[in-house]
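2 protein chains.
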Amino acid sequence: MRYPTPIQRLLEELERLPGIGPKSAQRIAYWLLTVDTADADRLASAISEVKRAIHFCPRCFNFAEGEVCAVCADPERDAAQICVVEEPRDLAAIERTHEYHGLYHVLHGAISPIDGIGPDQLRVRELIERLGDGSVTEVVVATNPNVEGETTALYLARLIKPLGVRVTRIASGLPVGGDLEFADEVTLGRALEARREI
Amino acid sequence: MRYPTPIQRLLEELERLPGIGPKSAQRIAYWLLTVDTADADRLASAISEVKRAIHFCPRCFNFAEGEVCAVCADPERDAAQICVVEEPRDLAAIERTHEYHGLYHVLHGAISPIDGIGPDQLRVRELIERLGDGSVTEVVVATNPNVEGETTALYLARLIKPLGVRVTRIASGLPVGGDLEFADEVTLGRALEARREI
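These protein sequences, in sequence, are chains A and B.
In this text, residue positions in the first sequence follow numbering that gives the first Met the number 0: the first is 0, and each later residue adds one.
In this text, residue positions in the second sequence follow numbering that gives the first Met the number 0: the first is 0, and each later residue adds one.
Below is the structure:
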């Protein structure tokens, strides 16, 4: 037996979401069918609304509600620093540290030849354009510390250094509160390599 | 930094879904922000549509598009058998076997004193009412083979047997294709207990 068409259609749409398989889709559909119509409608309208209200910032490609995003619109931010991240959620993670006060640039991915993603599929050209007027003195590359992220960081460093802009990379090392015993060799190796005088 | 309000609102609504935590909600929201508006709108309308088009069958409490559900509306089904399940997804699972041709009754849960769920929170009264006219000769209890499901099965058996209706329980045992070595003791015990002549 197939479910009635409207349920089938909902299941198909839910299964297209990232991380949602047939079992999760069934659970969500069942939940939606048992809650108040008002609850389901709030979800439906939040989905439609977000597409109408949100676009990407034309400067840094972060999520934006106004003409530019909240960070680019803030005159208090240090326009001499640009932190390069892969995704808007990485930007949000850095903002939560309250340690960085410059601007951002969201690449929307990382270089990954195996997935057919090169610099042209990312917002690299736009980043280089932002460095054109000489006001930026440092680019902090905060791509993920994995193969794709490191490749992207090296690529950007080679591209940007000749422009006379300082390129830095966020540190790799042991997570705070972590346990030396359980650290993998690569992380521990990086932590040793980047040791500092205390 | 908080996300812009429409994103924040979407994240809150997504996190209310079963099995969706903050990380999954962020991934889904990001996916929705990057796909075509038409794709996002299809999901939003599938959610609204399902609430308008689907209700619970007044006889068996399965999902229904018409007055009664597709199973109850089918004159080919054997009205002398009622299979009792916890949720509509269990009904769907049994239908996929093509082994059962009777009717169903969906309890919408199982007895669980720890969660405050007793027979009054389930569709038990409606099940007993369906047995009133003597046309049903067998009730197949297909609640889950866990504590709550077994409790519910025993409770229903005690309630229904005095009405002169046969009550049966689906078998527990080793899953087909499974490995004796990896079976837990309770399942293996049940499989031994329910052994049959070959």
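Virtual Cβ for every residue (Gly too), placed ideally from N, Cα, C.
Taking all protein chains shown into account, decide if A:F181 is buried (16 or more other Cβ within 10 angstroms of its Cβ) or exposed. Here residue 181 of chain A is taken as the residue at index 182 of the first sequence, counted from 1. By the 10 Å Cβ count, A:F181 comes out exposed.
task = For the stretch 55-68 of chain B, enumerate the residues whose C-beta is nearer than 9 angstroms to any C-beta of chain A, in chain order.
result = F55, F62, A63, E64, G65, C68
- Task: Return the first residue and the last residue of the alpha helix (DSSP H) that A:R58 is part of.
- Result: On the first sequence, position 59 is the one that residue 58 of chain A refers to. Careful: A:R58 lies outside any alpha helix (DSSP H) and carries neither H nor E.
- Query: From which residue to which residue does the alpha helix (DSSP H) around B:A190 run?
  - Reply: Residue mapping note: residue 190 of chain B aligns to position 191 of the second sequence, counting from 1. Counting along the chain, the alpha helix (DSSP H) containing B:A190 begins and ends at 184-192.
Can you tell me whether B:T142 is buried or exposed? The criterion is at least 16 other CB atoms within 10 Å of its CB, across all chains shown. Counting from one through the second sequence, the residue named residue 142 of chain B turns up at place 143. By the neighbour-count rule (16 or more Cβ atoms within 10 Å), B:T142 is buried.
| message | Just to make sure I have the definition right: I need the residues of chain A whose C-beta is within less than 7 angstroms of the C-beta of B:D40. Which are they? | response | In the second sequence, residue 40 of chain B corresponds to position 41, counting from 1. S47, listed in chain order.
Under 9 angstroms between C-beta atoms, does B:Q25 make it to chain A? Taking the second sequence and counting its residues from 1, the one referred to as residue 25 of chain B is at position 26. Interface residue, yes.
Cut-off 7 angstroms between Cβ atoms - residues of its own chain near B:C68, not counting five sequence neighbours on either side: In the second sequence, counting from the first residue as 1, residue 68 of chain B sits at position 69. Correct list, in chain order: C56, C59, N61, F62.
* Identify, in the order they occur along the chain, each residue of the same chain with its Cβ nearer than 8 angstroms to the Cβ of A:R202, setting aside the five sequence neighbours on each side. => Any property of residue 202 of chain A remains undetermined from this structure, which presents chain A solely from 0 to 197.
DSSP puts A:A63 in a beta bridge; with which residues? Working through the first sequence from its first residue, we reach residue 63 of chain A at position 64. BP columns for A:A63 point to A:H54.
- For the beta strand (DSSP E) that contains A:R165, what are its first and last residues? The residue given as residue 165 of chain A occupies position 166 in the first sequence. Element bounds for A:R165: 165-168.
Cross-chain neighbours of A:Y2 in chain B, by beta carbon under 7 angstroms = Stepping through the first sequence from its first residue, residue 2 of chain A is reached at position 3. In chain order: F62, A91.
Cβ of B:R15 versus every heavy atom of the ligand ADP: is any distance shorter than 8 angstroms? As far as ligands go, the structure on display features none, and thus does not contain the ligand ADP.
Kindly say whether B:E11, judged by its beta-carbon, lies nearer than 9 angstroms to any beta-carbon of chain A.
-> The count along the second sequence starts at 1 and reaches residue 11 of chain B at position 12. Yes, its Cβ sits closer than 9 angstroms to a Cβ of chain A.
For this session: Enumerate in chain order the residues of its own chain whose CB-to-CB distance from B:L162 is below 8 angstroms, with the five nearest sequence positions on each side excluded.
Result: Along the second sequence, read from residue 1 onward, the residue named residue 162 of chain B stands at position 163. Only I127, L130 meet the Cβ criterion.
inquiry  = Are the CB atoms of B:I169 and B:V139 within a distance shorter than 9 angstroms?
reply    = For the purposes of this step, residue 139 of chain B is taken as the residue at position 140 of the second sequence. For the purposes of this step, residue 169 of chain B is taken as the residue at position 170 of the second sequence. Contact: yes.
Check your understanding: Mapping DSSP to helix, strand and coil, what is B:L102?
Key -> Here residue 102 of chain B refers to the residue found at position 103 of the second sequence. Of the three classes helix, strand and coil, the one that applies to B:L102 here is strand, per DSSP.
Check your understanding: Among A:P21, A:E14, A:V34, which has the Cα closest to the Cα of B:E12?
Key -> Looking up residue 12 of chain B in the second sequence gives position 13. Taking only the C-alpha atoms, the option nearest B:E12 is A:V34.
Q.
Residues of chain B with CB closer than 7 angstroms to the CB of A:T36, please, in chain order.
A. What you label residue 36 of chain A is simply residue 37 of the first sequence in a count that begins at 1. Result: K50.
Below 8 angstroms on the Cβ atoms is my guess for B:L264 versus A:A45; work out the distance and round it to an integer in Å.
This structure cannot speak to residue 264 of chain B, because chain B is shown only from 0 to 197.
A:T151 classed as buried or exposed, judged by whether at least 16 other C-beta atoms fall within 10 angstroms: The residue labelled residue 151 of chain A in the question sits at position 152 within the first sequence. A:T151 should be labelled buried.
Neighbouring residues, chain A, relative to B:I53 (Cβ below 8 angstroms): As a first step, residue 53 of chain B is located in the second sequence; it is residue number 54 there, counting from the start. P3, P5, I6, L32, listed in chain order.
ask   = By DSSP, does A:E85 sit in helix, in strand, or in coil?
value = Against the first sequence, residue 85 of chain A aligns to sequence position 86. Three-state result, A:E85: coil.
| task | Take every Cβ of the stretch 82-96 of chain B, pair it with every Cβ of the stretch 21-30 of chain A, and state whether three or more of those distances are shorter than 8 angstroms. | result | yes
DSSP-derived helix/strand/coil call for B:A92: Here residue 92 of chain B refers to the residue found at position 93 of the second sequence. It is helical.
TODO: Take the Cβ of A:S134 as the centre, count every other Cβ of all protein chains shown within 10 Å, and call the residue buried at 16 or more, exposed below.
DONE: For this step, residue 134 of chain A is matched to residue 135 along the first sequence. Flag for A:S134 reads exposed.
**Q.** A:V138 - DSSP class collapsed to helix/strand/coil
**A.** As a position in the first sequence, residue 138 of chain A is number 139, starting the count at 1. Note: A:V138 maps to strand in three-state DSSP.
CA nearest to the CA of A:V105, picked from A:E98, A:Q120, A:P112: Your numbering for residue 105 of chain A matches position 106 in the first sequence. Comparing Cα-Cα distances from A:V105 to each of A:E98, A:Q120, A:P112, the minimum goes to A:Q120.
Q | N- and C-terminal bounds of the alpha helix (DSSP H) containing B:S23 | A | Here the question's residue 23 of chain B lines up with position 24 in the second sequence. It spans 21-33 - the alpha helix (DSSP H) in which B:S23 sits, taken as one unbroken run.
* Counted within 10 angstroms of its Cβ, other Cβ atoms place B:G148 as buried (16 or more) or exposed -> The residue labelled residue 148 of chain B in the question sits at position 149 within the second sequence. Counting Cβ neighbours within 10 Å, B:G148 comes out buried, since at least 16 surround it.
**Prompt:** If you measure from the beta carbon of A:L16 to each beta carbon in chain B, is any gap under 9 angstroms?
**Reply:** Taking the first sequence and counting its residues from 1, the one referred to as residue 16 of chain A is at position 17. A:L16 counts as touching chain B.
Practice task
Whole angstroms is fine: what's the gap from A:L153's alpha carbon to A:E66's?
Solution key: Taking the first sequence and counting its residues from 1, the one referred to as residue 153 of chain A is at position 154. Taking the first sequence and counting its residues from 1, the one referred to as residue 66 of chain A is at position 67. Spanning the two alpha carbons is a distance of roughly 32 angstroms.
**Asked** My guess is that A:G18 and B:R15 are in contact by the Cβ rule of under 8 angstroms, so how many angstroms apart are they, rounded?
**Response** Start at 1 with the first residue of the first sequence, and residue 18 of chain A comes out as number 19. Start at 1 with the first residue of the second sequence, and residue 15 of chain B comes out as number 16. Between B:R15 and A:G18 the Cβ distance is about 16 angstroms, and since that is not below 8 angstroms, they are no contact.
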